[in-house]
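Visitor:
Protein chains in written order, with the working numbering: chain A, 13 to 194; chain B, 13 to 194.
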């Protein structure tokens, strides 16, 4: 279930309705008892393409969904974090690595999953990495060895492709993507 | 209140605890009755710097917070939207205008407000705009007339400054900002 469903009010515990209420242009979860509107919104996923020399750091997922498939380190942004801090935390947790963030690589939308990815790019500090707790394996891949057919999510495939395009052109462009394409 | 507080379970209506539970690396809202973890996350705000010839489109806010101050059209991303679609909707709602999105201008973080902004940039279609329902006034400003001291939020000031920097340099760079700066 990607879209949040709300049955009871988190503020007073009474039943919530899903209806068109005054001042709103679309249906909202609303508590008629304490008059609270419960807004629901897409979640932000933050991650990084971490490179070292000519190699790219990928993690093999130890958890579902897509366990056993390769991915750029990424995960949900937590309360109180900036996107950059969240991406650094994910790189640490999933790849046991520190990254120097250099810029924004991609904003990639999955509206049907109610997610927006922000992928940064940056270099791997001192070339050091290990297996994070959420990874079976972490590895630096030469471009020719990238396991394109074993990637976990289209967000990573998109980000890696755009990174390689940038590199070929010698630019640092940020890219906007969506699945399905619109 | 920027950070969400959860007292009752939205799934079963029973009391929720805020504690360190198994498999989580930080305190979570948790229902001991139905075993639901209630994750809370920052919200994504999407908007656009809309230009026409050498002018920039600003809206004077008709609603709190910062009613009466100028802003780039922006607002919370809604369920099921891509960031780009959400930004176009906000431009329509606040400025009665259509925008051709050309790229990502800025990712701007307000961790203390639990918000991440994505500002796009793009040109105003046919130069047509009006006052959206959430605006007192909408106006195209020459750069020399931008009301810097009457801006609603630092996110807009940041985005406009970066757009002007890009223009001066003849580039389309995406920028990363944070308030407070880190």
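Using N, Cα and C, we set each Cβ at its ideal position, and we do this for glycine too.
Apart from the five residues on each side of it in sequence, which residues of its chain come closer than 7 Å, Cβ to Cβ, to residue 184/A?
Guide: In the first chain, the residue the question calls residue 184/A occupies position 172. 115 and 178.
Visitor: Assign residue 178/B to one of three DSSP states: helix, strand, or coil.
Guide: Here residue 178/B refers to the residue found at position 166 when the second chain is read from its first residue. DSSP places residue 178/B in helix when its eight states are reduced to three.
Visitor: Which partner residues does residue 154/A have in the DSSP bridge list?
Guide: For the purposes of this step, residue 154/A is taken as residue 142 along the first chain, with counting starting at 1. According to DSSP, which records beta bridges pairwise, residue 154/A is partnered with 67/A.
Visitor: So, with DSSP's three-state summary, where would you put residue 185/A?
Guide: For the purposes of this step, residue 185/A is taken as the residue at position 173 of the first chain. Here residue 185/A sits in coil by DSSP.
Visitor: Please state the DSSP three-state secondary structure of residue 13/A.
Guide: Here residue 13/A is taken as the residue at index 1 of the first chain, counted from 1. The predicted model places residue 13/A with a pLDDT of 45, which falls under 50 and marks its position as unreliable, so this point remains unresolved.
Visitor: Please classify residue 113/B as buried or exposed, where buried requires at least 16 other C-beta atoms within 10 Å of its C-beta.
Guide: As a first step, residue 113/B is located in the second chain; it is residue number 101 there, counting from the start. Looking at its Cβ environment, which holds 16 or more other Cβ atoms inside 10 Å, residue 113/B is buried.
Visitor: Residue 193/B and residue 73/B - do their beta-carbons sit closer together than 9 Å?
Guide: Numbered from 1 along the second chain, position 61 holds the residue referred to as residue 73/B. Numbered from 1 along the second chain, position 181 holds the residue referred to as residue 193/B. In this structure, residue 193/B does not lie closer than 9 Å to residue 73/B by Cβ.
Visitor: With 16 as the cutoff for other CB atoms within 10 Å, does residue 17/B come out buried or exposed?
Guide: Working through the second chain from its first residue, we reach residue 17/B at position 5. So residue 17/B ends up on the exposed side.
Visitor: Below 8 Å, how does it come out for the stretch 157 to 166 of chain B and the stretch 135 to 146 of chain B: are there three or more Cβ pairs, yes or no?
Guide: Judged by Cβ distances under 8 Å, the stretch 157 to 166 of chain B makes no contact with the stretch 135 to 146 of chain B, as fewer than three pairs qualify.
Visitor: Inspect the beta-carbon positions of residue 187/B and residue 119/B and report whether they are closer than 9 Å.
Guide: As a working mapping, residue 187/B is identified with position 175 in the second chain. As a working mapping, residue 119/B is identified with position 107 in the second chain. Yes, the Cβ-Cβ distance between residue 187/B and residue 119/B is below 9 Å.
Visitor: Considering only residues of the same chain and omitting the five flanking positions on each side of residue 150/A, which have a CB-CB separation below 8 Å?
Guide: Locating residue 150/A in the first chain gives position 138, where the first residue counts as 1. For residue 150/A, where only same-chain residues beyond five positions count, the Cβ hits under 8 Å are 69, 70, 71, 72, 106, 107, 108, 109, 141, 142, 143 and 144.
Visitor: What's the gap between the Cα of residue 132/A and the Cα of residue 99/A?
Guide: Residue 132/A sits at position 120 when you count from the first residue of the first chain. Residue 99/A sits at position 87 when you count from the first residue of the first chain. Cα to Cα, the separation comes out at about 8 Å.
Visitor: Give me the subset of the stretch 85 to 111 of chain A whose CB atoms are less than 9 Å from a CB atom of chain B, sorted by chain position.
Guide: Residues 88, 89, 90, 91, 92, 93, 94, 95, 96, 97, 98 and 105.
Visitor: So which residues of chain A does residue 55/B contact, with C-beta pairs closer than 7 Å?
Guide: Within the second chain, numbered from 1, the residue matching residue 55/B stands at position 43. The answer, in chain order, is 53.
Visitor: Around the Cβ of residue 82/B, are there at least 16 other Cβ atoms within 10 angstroms (buried) or fewer (exposed)?
Guide: If you number the second chain from 1, residue 82/B lands on position 70. When all chains shown are included, residue 82/B counts as buried.
Visitor: Anything in chain A within Cβ reach of residue 15/B, meaning under 8 Å, just list it in chain order.
Guide: In the second chain, residue 15/B corresponds to position 3, counting from 1. Near residue 15/B (Cβ distances below 8 Å), the residues of chain A are 91 and 92.
Visitor: Enumerate, from N- to C-terminal direction, the unbroken beta strand (DSSP E) stretches of 3 or more residues contained entirely within the stretch 92 to 120 of chain A.
Guide: Listed in chain order, nothing qualifies, since the stretch 92 to 120 of chain A has no complete beta strand (DSSP E) run of 3 or more residues.
Visitor: Of all the CB atoms in chain A, is at least one closer than 9 Å to the CB of residue 186/B?
Guide: Taking the first residue of the second chain as 1, we reach residue 186/B at position 174. Yes, residue 186/B lies at the interface with chain A (some Cβ there is under 9 Å from its Cβ).
Visitor: With distances taken between CB atoms, is the gap from residue 31/B to residue 50/B smaller than 9 Å?
Guide: Here the question's residue 31/B lines up with position 19 in the second chain. Here the question's residue 50/B lines up with position 38 in the second chain. Cβ atoms of residue 31/B and residue 50/B: not closer than 9 Å.
Visitor: Are at least three pairs of beta-carbons, each pair with one atom in the stretch 91 to 98 of chain A and one in the stretch 40 to 54 of chain A, less than 8 Å apart?
Guide: The stretch 91 to 98 of chain A is not in contact with the stretch 40 to 54 of chain A.
Visitor: Would a check of beta-carbon distances place residue 22/A closer than 9 Å to chain B?
Guide: Stepping through the first chain from its first residue, residue 22/A is reached at position 10. True, the Cβ-Cβ gap to chain B drops below 9 Å.
Visitor: Just tell me which of 66/B, 42/B and 38/B has its CA closest to the CA of residue 180/B.
Guide: Start at 1 with the first residue of the second chain, and residue 180/B comes out as number 168. Answer by Cα proximity: 66/B.
Visitor: May I have a chain-ordered list of the alpha helix (DSSP H) segments no shorter than 4 residues that lie completely inside the stretch 28 to 88 of chain A?
Guide: Listed in chain order, nothing qualifies, since the stretch 28 to 88 of chain A has no complete alpha helix (DSSP H) run of 4 or more residues.
Visitor: Please report the straight-line C-alpha distance between residue 173/B and residue 159/B, rounded to a whole angstrom.
Guide: The residue labelled residue 173/B in the question sits at position 161 within the second chain. The residue labelled residue 159/B in the question sits at position 147 within the second chain. Those two C-alpha atoms are separated by around 13 Å.
Visitor: So what does residue 20/A bridge to, in DSSP terms?
Guide: The sequence position of residue 20/A within the first chain is 8, counting from 1. Per DSSP, 27/A.
Visitor: Using a cut-off of 8 Å between C-beta atoms, extract the partners of residue 173/B located in chain A.
Guide: Indexing the second chain from 1 puts residue 173/B at position 161. Simply none; closest approach about 17 Å.
Visitor: Check the Cβ of residue 190/A against every Cβ in chain B and list those closer than 8 Å, keeping chain order.
Guide: By one-based count along the first chain, residue 190/A stands at place 178. Near residue 190/A (Cβ distances below 8 Å), the residues of chain B are 94 and 96.
Visitor: Using a C-beta cutoff of 9 Å, does residue 137/A count as contacting chain B?
Guide: Reading the first chain from its first residue, position 125 is the one you call residue 137/A. Cβ-Cβ to chain B under 9 Å: no for residue 137/A.
Visitor: Bridge partners of residue 149/A, per DSSP?
Guide: The residue given as residue 149/A occupies position 137 in the first chain. Note: residue 149/A sits in a beta bridge opposite 72/A.
Visitor: Run through chain B and tell me which residues come within less than 9 Å of residue 144/A, C-beta to C-beta.
Guide: For the purposes of this step, residue 144/A is taken as residue 132 along the first chain, with counting starting at 1. What residue 144/A touches in chain B: nothing, since even the nearest Cβ is about 12 Å away.
Visitor: Here's the rule: buried if 16 or more other CB atoms are within 10 angstroms of the residue's CB, otherwise exposed. What is residue 12/B?
Guide: Beyond the ends of chain B as shown, which are 13 and 194, falls residue 12/B; an answer cannot be given.
Visitor: Give a yes or no on whether the minimum CB-CB distance between residue 30/B and chain A is below 9 Å.
Guide: Here residue 30/B refers to the residue found at position 18 of the second chain. No, residue 30/B does not count as interfacial toward chain A.
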